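Every number in this note's numbering is 210 more than the matching position in the sequence shown, counting from 1.
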Amino acid sequence: MASGRFETNPEVRELMKVSAWLAQKGWSEAGSGNISIRFDRLPPGMEELSTGQPQRLPLVAPKLGGRYLLVTAAGARAREMDTELKSSTGLFNILHGGQDMVCVWGNPQATSELAAHVAIQEKLVEIRPEDRVVLHTHPAHLIALTHIPRLQDSRAISQALLRMQSEAHILFPDGVRYVQYSTPGSVELGARSAEQLERARVLLWHMHGAVATGESLSRALDYLEYIDKMAEIYWILRSAGIHPRGMRDEDIQSSLKHFNLWERHLKSMSVLEKTLNR
211 MASGRFETNP
221 EVRELMKVSA
231 WLAQKGWSEA
241 GSGNISIRFD
251 RLPPGMEELS
261 TGQPQRLPLV
271 APKLGGRYLL
281 VTAAGARARE
291 MDTELKSSTG
301 LFNILHGGQD
311 MVCVWGNPQA
321 TSELAAHVAI
331 QEKLVEIRPE
341 DRVVLHTHPA
351 HLIALTHIPR
361 LQDSRAISQA
371 LLRMQSEAHI
381 LFPDGVRYVQ
391 YSTPGSVELG
401 ARSAEQLERA
411 RVLLWHMHGA
421 VATGESLSRA
431 LDYLEYIDKM
441 AEIYWILRSA
451 GIHPRGMRDE
461 DIQSSLKHFN
471 LWERHLKSMS
481 VLEKTLNR
């Protein structure tokens with residue numbers, strides 16, 4: 211299959227567009243940040259692909275068996291995605307059983323965070339199959355928040371962020387999730403991230419970056435833009451010498467009740483409380 215045919219795929223074009231935007235925002239400096247898109251089957255026009263040598267996955271992912279992952283390559287620069295697509299991404303067939311993968315197009319050297327993408331994509335098939343995209347990037351406002359000791363858990367950082375703007379709790383009634391430190395690229399980081407996805411689409415990795423899942427790459431970026439805006443407001447207030455207290459409890463409750471999200475919010479916060487008290 212010709213490279214040009216692959217590049218005309220709508221999701222591949224979206225990958226190039228969003229990557230350029232990430233570079234412009236400064237969220238994917240140099241070769242940082244990574245993306246995966248899950249396909250249940252090859253889209254039309256991608257049938258005649260060459261087959262590479264099998265590679266062992268960093269963890270067993272049986273639910274991904276028979277599916278395909280389009281993954282950014284190790285060291286790929288977001289700012290070059292539109293001009294260096296074939297060397298910046300790889301399309302992998304996850305073999306049945308979920309132990310091995312074969313690169314069928316592009317760069318066979320997948321991102322160093324492959325373990326996280328595989329673990330998260332495996333979990334998404336189970337809990338939220340409509341979410342086929344995983345986006346990891348480095349928004350500075352959010353990373354800076356993870357340096358504050360009192361905000362280093364899911365409940366605390368959700369409260370700090372979502373009180374900053376009146377629509378935030380409506381957009382994220384389940385809050386965001388905080389993943390404690392694990393070595394970058396490790397299976398442990400992937401496993402911890404997957405565990406946190408049951409009720410949230412945005413994860414913050416301790417002093418590392420942010421992850422979002424979504425039905426499309428643009429939607430995953432939307433989630434991170436929303437959350438980063440809350441962090442930006444937080445830091446503007448801090449830099450002005452104002453302690454960011456945010457919205458009052460009664461106003462948050464009123465908004466959530468208006469949109470029939472109050473009970474869902476309470477349930478999610480209760481789950482977080484139980485997790486913290488283990």
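The beta carbon of each residue, even a glycine, is placed where N, CA and C say it ideally should be. These numbers come from a predicted model, not from an experiment.
Look at the alpha carbon of residue i and the alpha carbon of residue j, and state the distance between them as a whole number of angstroms.
i	j	result
H475	Q319	41 Å
A370	I437	11 Å
S392	E398	6 Å
R458	N303	50 Å
S246	V312	15 Å
A325	R402	11 Å
G385	M417	19 Å
R448	P454	7 Å
M374	A441	8 Å
G241	A283	9 Å
I353	W237	11 Å
P394	G419	10 Å
M479	E239	34 Å
W315	E323	19 Å
G276	E473	38 Å
R497	L434	This structure gives no information on residue 497, because the portion of the chain shown stretches from 211 to 488.
Q234	E290	11 Å
E217	H348	26 Å
W415	E340	23 Å
L471	Q263	49 Å
R338	K439	25 Å
K477	H351	28 Å
L295	A230	12 Å
D469	F249	Per the sequence shown, the amino acid found at residue 469 is Phe instead of Asp. Taking the straight line from one Cα to the other gives about 33 Å.
A329	R365	23 Å
H357	N317	35 Å
Q390	L407	14 Å
When the Cα of residue i is compared with those of the options, which residue comes out closest?
i	options	result
N219	L267, L280, L352, E239	L280
D363	L413, Q375, V344, I337	L413
L345	L381, A288, R266	A288
E483	A271, Y444, L355, S368	S368
H379	Q463, A240, P253, L252	Q463
P268	P349, D310, D341	D310
V270	G307, Q234, R248	G307
G456	K467, L355, Y444, R248	Y444
S376	S229, P264, D461, F469	D461
T321	F469, G285, L232	G285
L355	G400, Y388, P272	Y388
K273	L381, R215, L305	L305
R342	R215, T423, A450	T423
D432	I358, L372, G451, R411	R411
G243	N317, T293, E405, V421	V421
R251	Y278, A404, R266	Y278
Assuming residue i is part of the beta strand (DSSP E), what are its boundary residues?
i	result
W415	412-415
P264	264-266
L345	343-347
Considering residue i, what are the terminal residues of the alpha helix (DSSP H) in which it resides?
i	result
H351	350-355
L280	Not the alpha helix (DSSP H): L280 falls in the beta strand (DSSP E), residues 278-282.
S242	S242 -> no alpha helix (DSSP H), and no H or E assigned at all.
V228	220-235
> Below 8 Å, can you find three or more Cβ-Cβ pairs linking the segment 288-299 to the segment 327-335?
Replying inline: Pairwise C-beta distances place the segment 288-299 out of contact with the segment 327-335, as fewer than three of them are shorter than 8 Å.
> On the three-pair Cβ rule with 8 Å, is the segment 212-231 touching the segment 418-437?
Replying inline: Using a Cβ-Cβ distance cut-off of 8 Å, the segment 212-231 and the segment 418-437 are in contact, since at least three pairs of beta carbons, one from each stretch, lie closer than that value.
>> Just to confirm the assignment: which complete beta strand (DSSP E) runs, minimum length 3, are found wholly within the segment 373-423?
In response: Entirely contained in the segment 373-423, the beta strand (DSSP E) runs reaching 3 residues are, in chain order, 387-389, 412-415.
> What beta strand (DSSP E) runs, 3 residues minimum, are completely inside the segment 287-336?
Replying inline: Qualifying beta strand (DSSP E) stretches, in chain order: 299-304, 310-316.
> Can you give, in chain order, each stretch of the alpha helix (DSSP H) that sits fully within the segment 426-477 and has at least 4 residues?
Replying inline: Contiguous alpha helix (DSSP H) elements confined to the segment 426-477 occur at 427-449, 459-468, taking only those with 4 or more residues.
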